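Chains as they are written, first to last, in my numbering: chain A, 1 to 295; chain B, 1001 to 1283. For glycine and all other residues, C-beta sits at the position ideal for the given N, C-alpha and C. From a predicted model like this one, the values you see are computed outputs, not experimental measurements. One structure is given here, and the rest of the page talks about it.
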Amino acid sequence: MAGARSLEQQERRFALALLVPALAVLVLTTTAPLVYLGWNSLHRIDLGMPWLSGFAGVDNFAKMGGDPRFWNSLALTGVYTASTVVLQVIVGLALALLVLQIPKGQGLLRGAAILPIVLAPVVVGLFWRTLVLAPDVGLVDMVSRALGLPSRNWLGDPQLALISVIAIHTWQWTPFAFLVLLATLATLPPEVYEAARLDRAGAWQRFFHLTLPLIRPAVVMVVILRTMTALSAFAAIFAATGGGPGSATEILNLYAYRTSFTELNLGYGAALAIVLLSITLVISYLMFRLRRARA
Amino acid sequence: MRTAAPPALPRAIALYAIAGIGLAVWAFPVVWGLLTSFKTERDVLAYPPVFVFTPTLANYREVIFGASSIVPNLVSSLIVATLATALTMLFAIPAAYAMARLRFPAKRGTGFYVLATQMLPPVGLIIPYYLVLQKIGGLDTYGGLIVIYLTFSLPFAIWLMVSYFEDVPLEMEEAALLDRAGRLGALWHVILPQVKGGIAVTTIFVFLNAWNEFMFAVVLGGNRVRPVTVAMFNFISVEQTQWARLAAGAMLAMAPVILIGLFAQRHIVKGLTVGAVKGGGRR
């Protein structure tokens, strides 16, 4: 008994020795700054007017209630996140199901799918802003001109700009859903399908009753990861529209950034970041619970 | 792999057409950017677009040797991404092994903590970092950027490595321990060689993410430390209509990650899927 206990103790000590450095780094680089962020959110920190800085209690949070730009950014965050995640999963899954039936050439498509994923979002935003969406000379306008459709100011019109940034995000991250779901589908045992085919289950029925439940964990995981990415999307929007025109594409993340580093109002920016942080944590908590409950 | 009955011809055509559209939509902007980088500015704005043109290297010459050279920015990116990756792996590998294989108190809580740190929105971190680094003179330094890059790369690397450590057969480890190799010896001589591939994939991912990072770089960087993503962004505000030059710069800036992506294609797919597929059964 004594030997077993000392072995266990030895294992514990070894585990701590391996873990402590990484955990110490995480506490120092993430948790400590977050505490400081919380502290800052209770202050007025205006680098433009430093003499006004000081403790402000919950003023920053109270201010949000009457700030239309905040509510606008909150609504945009919802629209942007929901639409990009749904589009990515539906397009990615549909394409994966189709491509699985192609005997040759899957590799080529997988290779192409890697491209958007590895590109820096800021470069993607710049690419779309210039070569793809620019009025008259961008790819999209060239195609629509060739088809006899009118040219549009894709990033200059508030509504079109929102559609454009959603399209850009969907373009960049759908390959992720596609690749993950393709790999998952490829691991499913063929017998399951054979049995269903003998039962004469229709294609749709087979999908909803057989395939979907089997790949559910992967789909949920994709939704969780993509939601987190969408909630903190920044560089592509920043490069394509800067959050504009006006605040037409200013999701909460961008609003917090612009408040802090364009308007130099870091106290209010910190409060906005706290709100985004809370939303992110609540959503991820709910999604992880959902996954465990039904997995 | 599911073996479907050979599709009928019209069906096959439809399938290939859809796959072809997917291929074109994903690859075309990059191919178009590559073409543009060899054009003169006049060819860029031509309508109808020119596919056949006399290629010029002037744009590349400009972004390498010219006044708006991005070479210093490439060097900045290389320094930041390499050091951040090395530090990340140094801390992540031991921690991931402990989390995958060893018993210790509050194991579940530790896992959740690492996961939670990965969920933090970057904008929440950049504000305190800016205020602190400004006070201690750490803005526009390599140290500042490298430290903040750990905030997103370390939790990610730990979780990815955990999934690789979990794949190592338990028996190998037990055999090594019975051999009186000692715990550290077993980890070093037996386990680590088993996860070499996982270490390579994780290193690639961490490097990619660090190379592509923008928000931290634009706020904490400056005239001395300006990674290439920031240089690209400044390009368009300074030289608004020099699209061919922008394309050349972007191709140069993205060459490392595109090459890594295509070269390590299969591993990247595995890296992406490990968390997603295995995640279904874990925690």
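By Cβ distance, which residues of its chain are closer than 6 Å to residue i, with the 5 residues on each side in sequence left out?
i	result
Leu1160/B	Thr1202
Ser151/A	Pro135, Asp136 and Asp141
Ala1243/B	The sequence given here places Trp at residue 1243/B; Ala does not occur at that position. These residues qualify, in order along the chain: Val1044.
Arg291/A	Val220
Leu76/A	Ile251
Asn1059/B	Ser1037, Ala1244, Arg1245 and Ala1248
Arg1282/B	Because the pLDDT of Arg1282/B is 31, which lies under 50, any placement of that residue in the model is unreliable, and the number read from its coordinates should be weighed accordingly. Nothing meets the Cβ criterion.
Show which residues of chain B have a CB atom less than 8 Å away from the CB atom of residue i.
i	result
Leu212/A	By Cβ distance, chain B contributes nothing, its closest Cβ being about 14 Å from Leu212/A, past 8 Å.
For a contact defined as C-beta to C-beta under 9 Å, what are the partners of residue i on chain A?
i	result
Asn1212/B	Val118, Leu119, Ala120, Pro121, Val122, Val123 and Ala235
Arg1183/B	Gln10, Glu11 and Phe14
Ala1248/B	In chain order: nothing, as chain A lies at least about 12 Å away.
Pro1094/B	Ala17, Leu18, Leu19, Pro21 and Ala22
Trp1243/B	Thr130, Leu131, Ala134 and Val137
Ile1260/B	Val118
Phe1165/B	Going along chain A, no residue has its Cβ under 9 Å from Phe1165/B, so there is no contact; the nearest lies around 11 Å.
Just to make sure I have the definition right: I need the residues of chain A whose C-beta is within less than 8 Å of the C-beta of residue i. Which are they?
i	result
Ile1018/B	Leu95 and Leu98
Tyr1129/B	Pro33
Tyr1047/B	Asp136, Val137, Met142 and Arg145
Gln1265/B	Arg110, Gly111 and Ile114
Val1147/B	Thr29
Given residue i, which residues of its chain have a CB within under 7 Å of its CB, disregarding the five upstream and five downstream residues?
i	result
Met1/A	Note that Met1/A scores 48 on pLDDT, short of 50, meaning its location in the model is unreliable and no value can be drawn from it.
Gly1033/B	Ala1247, Ala1250 and Met1251
Ser129/A	Correcting the residue identity first, residue 129/A is Arg in this sequence and not Ser. Cβ within range, chain order: Leu155, Ala239 and Ala240.
Trp1211/B	Ser1077, Ala1081, Pro1256 and Val1257
Ala96/A	Phe178, Leu181, Leu182 and Leu185
Thr1088/B	Leu1150, Ser1153, Leu1154, Ala1157 and Val1206
Ile1070/B	Val1063, Val1228, Ala1231, Gly1249, Leu1252 and Ala1253
In chain A, which residues lie with their C-beta within 7 Å of the C-beta of residue i?
i	result
Ala1027/B	Ala112 and Leu115
Gly1033/B	Phe127 and Leu131
Met1172/B	Within chain A, no residue comes near Met1172/B; the closest Cβ sits about 17 Å away, beyond 7 Å.
Arg1108/B	Ordered by position in chain A, no residue passes the 7 Å Cβ test against Arg1108/B, which lies about 13 Å from the chain.
Could you list which residues in chain B have their beta carbon closer than 7 Å to that of residue i, in chain order?
i	result
Ile102/A	Leu1015, Tyr1016 and Ala1019
Asn253/A	Pro1121 and Val1123
Met228/A	Met1119
Pro175/A	Trp1026
Ala256/A	Val1123
Ser6/A	Near Ser6/A there are no residues of chain B at all, since even the closest Cβ is about 13 Å away, more than 7 Å.
Ala270/A	Ile1127
Ser151/A	The premise fails here: Ser151/A is roughly 11 Å from chain B at the closest Cβ pair, so nothing lies under 7 Å.
Based on the DSSP secondary-structure assignment, which residues constitute the bridge partners of residue i?
i	result
Arg44/A	Gly54/A
Asn265/A	Asp46/A
Return the residue from the list the options that minimises the CA-CA distance to residue i.
i	options	result
Phe1091/B	Arg12/A, Val20/A and Leu277/A	Val20/A
Phe1152/B	Thr1054/B, Tyr1164/B, Met1215/B and Pro1105/B	Met1215/B
Leu1246/B	Gly1020/B, Leu1035/B, Phe1112/B and Ala1014/B	Leu1035/B
Ala239/A	Leu76/A, Ile168/A and Leu109/A	Ile168/A
Ala87/A	Ser284/A, Phe176/A and Phe208/A	The residue you asked about is not Ala; residue 87/A is Leu in the sequence shown. That would be Phe176/A, whose Cα lies nearest to the Cα of Leu87/A.
Thr1229/B	Glu1213/B, Thr1241/B, Arg1061/B and Leu1087/B	Glu1213/B
Ile1126/B	Arg289/A, Gly267/A and Thr77/A	Gly267/A
Pro1049/B	Ala196/A, Thr29/A, Phe261/A and Val132/A	Val132/A
Phe61/A	Thr184/A, Phe70/A and Val25/A	Phe70/A
Glu194/A	Leu210/A, Arg289/A and Leu181/A	Leu210/A
Leu188/A	Thr29/A, Ser260/A, Phe207/A and Leu198/A	Phe207/A
Leu93/A	Leu212/A, Gly246/A, Gly38/A and Ala270/A	Leu212/A
Arg1183/B	Gln10/A, Ser6/A and Arg5/A	Gln10/A
Ile1236/B	Tyr1047/B, Lys1039/B, Ser1068/B and Gly1109/B	Ser1068/B
Could you round the C-beta distance between residue i and residue j to whole angstroms and report it? I think they count as a contact, below 8 Å.
i	j	result
Leu276/A	Pro1121/B	5 Å
Ala230/A	Tyr80/A	6 Å
Asp67/A	Asn265/A	Contact flag wrong, Cβ pair sits at about 12 Å.
Ala1098/B	Phe1104/B	7 Å
Ala236/A	Gly125/A	4 Å
Gly105/A	Ala1019/B	7 Å
Ile1260/B	Leu1208/B	6 Å
Ala172/A	Pro103/A	It should be pointed out that residue 172/A corresponds to Gln in this sequence rather than to Ala. Actually they do not touch by this definition, with Cβ atoms about 29 Å apart.
Val1219/B	Tyr1130/B	6 Å
Phe234/A	Pro1029/B	No, Phe234/A and Pro1029/B are not in contact; Cβ-Cβ is about 20 Å, not under 8 Å.
Gly57/A	Leu42/A	6 Å
Ala161/A	Thr249/A	5 Å
Report all residues from its chain with a CB closer than 8 Å to the CB of residue i; omit the five preceding and five following residues, and keep chain order.
i	result
Met1172/B	Val1190, Ile1191 and Gln1194
Val223/A	Val85, Val89 and Met287
Thr280/A	Met228, Leu231 and Ser232
Ala146/A	none
Leu1074/B	Val1228, Leu1252 and Ala1253
Gln1118/B	Phe1152, Pro1155, Phe1156 and Trp1159
Leu52/A	Arg44 and Asp46
How about residue i: is its Cβ closer than 6 Å to a heavy atom in the ligand FMN?
i	result
Gly1185/B	This structure simply doesn't include the ligand FMN, nor any ligand for that matter.
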